[in-house]
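Residue numbers (this note's numbering), protein chains in the order written: chain A, 1 to 364; chain B, 365 to 728.
Don't be surprised by glycine CBs; every beta carbon is placed ideally from N, CA and C.
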């Protein structure tokens with residue numbers, strides 16, 4: 001770093017690329033007039049429909065914050081799913097440089113990067129607070145960056161749903177036997193768990209879920225939580241709304257940045273992007289916590305039959321989940337490396353939570 | 365707004381003061397060369413000793429982020445408690461303009477602004493996630509701004525401890541009777557609760573706690589949580605470490621900004637300050653969640669006797685707490701207004717949490 005610092009102190013112009021890794025010195029290098037004048041217009045592809053509640057709003061918030069903070073020097077144009085690339089090709093588009101940025105859910109590209117899902121959601125896994133502690137102070141982000149680096153993508157946590165719901169069912173679930181033959185839309189590791197207990201997983205895009213449920217093409221579906229589920233009208237197509245969201249105690253979303261594009265940003269704009277991502281990571285969770293509560297109240301008022309999955313069913317799903325997660329990790333060396341570190345760390349957080357965060361819910 | 369937008373679009377120079385309330389338009393008003401060149405050096409007084417783990421680190425992170433993002437256009441010099449003003453006079457100093465910014469805990473100035481404590485911590489009250497949902501999407505921030513406006517101070521949430529511990533005791537607590545005559549350092553509403561069940565509250569600065577506990581001048585103390593408590597060496601002066609932190613399921617810290625100084629900042633620097641505060645608000649919680657866990661492991665390894673307060677004791681404290689919080693609110697019209705709104709909102713969040721966030725802890 002020394003030579004660069006001397007150059008900067010002497011007011012010698014340096015290429016933006018040479019600044020990568022120097023962001024700690026942004027304050028010290030106050031005089032970089034050529035770079036300050038430079039402005040950028042970036043594309044951000046997303047996995048969300050236009051103005052999608054919660055997660056889509058978060059992507060828009062990110063773009064707005066970056067533009068405000070940079071006084072227009074970094075403009076981010078947000079593209080809805082399908083406008084530039086399909087919902088599930090966000091990671092690929094950023095990797096190949098079609099867009100400088102993307103916003104999606106890590107487990108959408110598990111087919112390409114199996115380790116990605118461990119930064120996203122795990123059945124019977126961490127809630128949002130625990131995921132954030134692991135990511136930001138437990139080594140998670142470092143592993144995430146390492147896993148995505150070969151694809152030329154820099155990831156940042158950028159939004160969380162908090163606890164989801166178990167989903168909408170047109171069949172009562174009173175025992176593990178009731179899951180046998182159940183046709184349910186539920187992706188990811190949760191879907192694999194359902195398959196192992198005899199269910200049938202059917203996948204489809206958001207726009208088809210309502211009709212599939214209403215026509216009986218599927219018996220059940222989980223989506224996100226009351227806020228998004230209500231917007232999709234699922235309460236009009238199903239009899240029972242089950243809790244808790246064992247399959248996704250949280251989903252963390254990601255900001256993807258093309259590393260070559262990132263390296264062209266001056267240190268101040270890099271810092272702005274990082275802080276905007278962190279803002280959205282927290283803000284979206286607050287939004288979901290407030291709006292899920294409000295939507296659940298509305299749904300109950302409208303007569304929705306909200307039920308809890310029986311303990312026996314949850315116990316079986318938990319037992320099967322442990323094996324499914326271990327198997328998913330074992331199938332890929334990078335995933336295995338992440339999961340071994342994460343599993344050990346989460347076990348420590350869970351133990352601490354027993355007498356603290358968990359107990360606060362119990363005593364009040 | 366129309367006239368201002370026209371002026372800005374025409375490239376006419378406008379005073380920074382006139383921009384207050386226009387931050388949404390920052391991106392549109394890209395051309396404000398005179399303002400962009402302006403730079404600021406601000407003082408930030410804090411309630412924390414130099415390099416204090418957790419909360420003090422958060423104040424330093426805020427200053428660093430703002431400087432990085434603004435490329436040195438807004439420099440924030442952080443002052444430890446006592447350097448410019450004493451720890452508990454941060455709010456006053458910002459109110460009268462001695463410093464443009466401050467970082468402290470809202471309940472430190474409850475003598476002057478009784479409503480402040482409702483934005484900070486409540487016995488048997490909200491955890492960090494719930495406090496954040498209320499503040500950012502439940503009307504909390506708007507009330508907070510309204511309460512501080514007469515003092516010329518703009519508040520922002522800027523850090524959270526998460527669940528604290530009940531504290532260090534040199535006496536076993538097996539029943540409510542054991543609290544009678546107990547001399548304990550525990551400030552705020554928790555202290556009032558202890559007084560009502562027969563304890564004696566002794567207040568003192570952080571630097572005196574260890575000696576007071578060791579010499580028997582006090583029988584017990586609560587401080588923050590394992591991370592900060594361990595740093596203070598409290599485990600070397602007390603026999604028992606009790607959980608859970610019924611008196612403070614979370615403490616939210618605040619960034620105070622002198623409103624007149626705020627109005628001199630261009631919209632981009634205002635956006636940078638807001639995002640930095642939001643970053644620290646999340647980051648500090650992640651830091652505490654990780655470090656509290658690690659510190660508790662260390663303390664247990666060193667043989668600390670960690671215990672849970674008996675249900676009977678917690679039930680009594682809860683009952684008394686409800687009355688103490690209501691009475692604190694009733695004594696001040698602004699506090700009463702805040703508490704009536706907050707109480708109703710939190711009750712809804714708590715009900716939602718029962719089948720969701722709380723249940724996730726139960727099922728795994």
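Taking C-beta atoms under 8 Å as the contact rule, residue 78 of chain A and residue 44 of chain A qualify, at a distance of about 5 Å.
Listed by position along chain A, the residues whose Cβ is nearer than 7 Å to that of residue 654 of chain B are 133, 137, 138. The way I'd put it, the segment 197-210 of chain A doesn't touch the segment 262-269 of chain A; fewer than three beta-carbon pairs between them come closer than 8 Å. The beta carbon of residue 73 of chain A lies closer than 6 Å to those of 39 in the same chain, with the five residues before and after it left out.
Listed along the chain, the chain B residues whose CB falls inside 9 Å of the CB of residue 343 of chain A amount to none; the nearest CB is some 13 Å away. Burial state of residue 250 of chain A is buried, judged by a 10 Å Cβ sphere holding 16 or more other Cβ atoms. Check the Cα spacing between residue 137 of chain A and each of A:360, A:355, A:364, A:346: the tightest is with A:346. Under the Cβ criterion of 8 Å, residue 352 of chain A is counted among the residues facing chain B. For residue 481 of chain B, not one C-beta of chain A is nearer than 8 Å to its own C-beta. If you draw a straight line from the Cα of residue 578 of chain B to the Cα of residue 601 of chain B, it comes to about 5 Å.
Annotation: residue 348 of chain A is outside any beta strand (DSSP E); the continuous alpha helix (DSSP H) that includes it extends over 333-354.
Across the set A:99, A:71, A:106, A:101, the C-alpha of A:106 shows the shortest separation from the C-alpha of residue 88 of chain A.
Neighbours of residue 357 of chain A in chain B, taken as residues at a C-beta separation under 8 Å, are given in chain order as 491, 526, 527, 725.
If you draw a straight line from the Cα of residue 462 of chain B to the Cα of residue 714 of chain B, it comes to about 41 Å. The continuous stretches of alpha helix (DSSP H) do not include residue 169 of chain A, which lies in the beta strand (DSSP E) extending over residues 167-169. The three-state secondary structure of residue 498 of chain B, taken from DSSP, is helix.
With respect to residue 522 of chain B, residue 447 of chain B sits apart: the two C-beta atoms are not nearer than 8 Å.
The beta carbon of residue 519 of chain B does not come within 8 Å of any beta carbon belonging to chain A, so the residue lies off that interface. By the Cβ-count criterion, residue 545 of chain B is exposed, with fewer than 16 other Cβ atoms from all chains shown falling within 10 Å of its own Cβ. Contact of residue 70 of chain A with chain B is assigned, a C-beta pair being separated by under 8 Å. Distance from the Cα of residue 490 of chain B is smallest, within the candidate group B:474, B:506, B:650, B:524, for B:524. In the DSSP assignment, residue 219 of chain A falls outside any alpha helix (DSSP H) and carries neither an H nor an E. Assignment of residue 568 of chain B by DSSP, reduced to helix, strand and coil, places it in the coil class.
Note: residue 406 of chain B is bridge-paired with B:440 in the DSSP secondary-structure output. For a Cβ distance threshold of 8 Å, residue set 352 of chain A lies close to residue 660 of chain B, ordered along the chain. In this model, residue 317 of chain A and residue 163 of chain A are separated by some 17 Å (Cα to Cα).
The DSSP assignment places 454-460 as complete runs of the alpha helix (DSSP H) inside the segment 424-480 of chain B, in order along the chain (cut-off: 4 residues). Nearest to residue 540 of chain B by alpha-carbon distance, out of B:725, B:716, B:684, is B:684. Excluding its 5 nearest sequence neighbours in each direction, residue 95 of chain A has C-beta neighbours in its own chain below 7 Å: 151, 152, 153, listed in chain order. Residue-level contact check: residue 196 of chain A does not touch chain B, since none of the beta carbons of chain B fall below 8 Å from its beta carbon.
By the CB criterion at 8 Å, residue 706 of chain B and residue 488 of chain B fall outside the cutoff.
DSSP, reduced to helix, strand and coil, places residue 210 of chain A within a helical segment of the structure shown. Counting C-beta pairs with one atom in each stretch, the segment 580-587 of chain B and the segment 634-653 of chain B have fewer than three that are closer than 8 Å, which means they do not touch. Listed along the chain, the chain A residues whose CB falls inside 7 Å of the CB of residue 639 of chain B are 65, 69, 275, 276, 279. Residue 440 of chain B has its alpha-carbon roughly 9 Å from the corresponding atom of residue 464 of chain B. DSSP places residue 559 of chain B inside the alpha helix (DSSP H), whose first and last residues are 552-560.
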